[in-house]
Amino acid sequence: MQLLPVILSGGSGSRLWPLSREHYPKQLLPLITDATLLQQTVERPDGVAALARDIELVAPVVVCNVEHRFLIAEQLRQIGKRAGAIILEPAGRNTAPALTLAALAAAQQDDPVLLVMAADHV
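Residue numbers for the sequence shown follow this note's numbering, so the first one is 146 and each next one is one higher.
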């Protein structure tokens with residue numbers, strides 16, 4: 146079974162002001178450890194794949210807005226990870242539309258099971 150992590154990394158950066166800003170929202174900040182919330186989220190599925198031999202963990206899909214795409218790619222590079230895709234939302238419309246974009250992209254693969262995670266959770 147293929148497991149495709151889908152990481153929702155939208156947000157306006159307004160809830161944790163003054164640390165979080167519009168161009169640098171909380172998921173891109175190292176709040177709990179030296180790793181950012183996004184980096185911790187990207188690494189979280191590794192533990193699931195290690196427990197089950199029949200799970201093939203594929204590169205994650207990250208859904209974000211256009212302003213954060215390079216920051217996200219750089220943070221993944223810093224931890225030795227690559228995104229299978231970075232999907233850019235044309236406009237922030239919350240969870241359901243972002244997840245729909247990821248599901249449409251996943252439908253073009255080998256029918257993976259989606260593991261959906263928010264990038265700003267611990």
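Every residue gets a Cβ at the ideal spot worked out from N, C-alpha and C, and that includes glycine.
Whether residue i touches residue j by CB criterion (9 Å)
i	j	result
V203	L149	yes
L281	V261	The first residue shown for the chain is 146 and the last is 267, placing residue 281 beyond what the model contains.
A228	A218	yes
E201	Q147	yes
Closest residue to residue i among the options (Cα-Cα distance)
i	options	result
N239	Q223, A197, G156	G156
P257	S154, V206, A180	V206
V211	L233, T245, A247, A252	L233
Local Cβ density within 10 Å of residue i, reported as buried at 16 or more and exposed below that
i	result
H213	buried
L173	buried
L221	buried
A197	exposed
L246	buried
I231	buried
P170	buried
P190	buried
A195	exposed
Sequence-distant residues of the same chain with beta carbon closer than 6 Å to residue i, five excluded per side
i	result
I152	T186, P205, V207, M262, A264
Sequence-distant residues of its chain with Cβ nearer than 8 Å to residue i (five each side left out)
i	result
I224	A180, Q184, V187, E188
A251	L149, V151, V206, P257, L259
Same chain only: Cβ atoms within 7 Å of residue i, ignoring 5 sequence neighbours per side
i	result
L176	L182
D199	M146
Problem - Secondary structure, alpha helix (DSSP H): runs of 4+ residues fully inside the segment 171-249 - result: 182-196, 214-223
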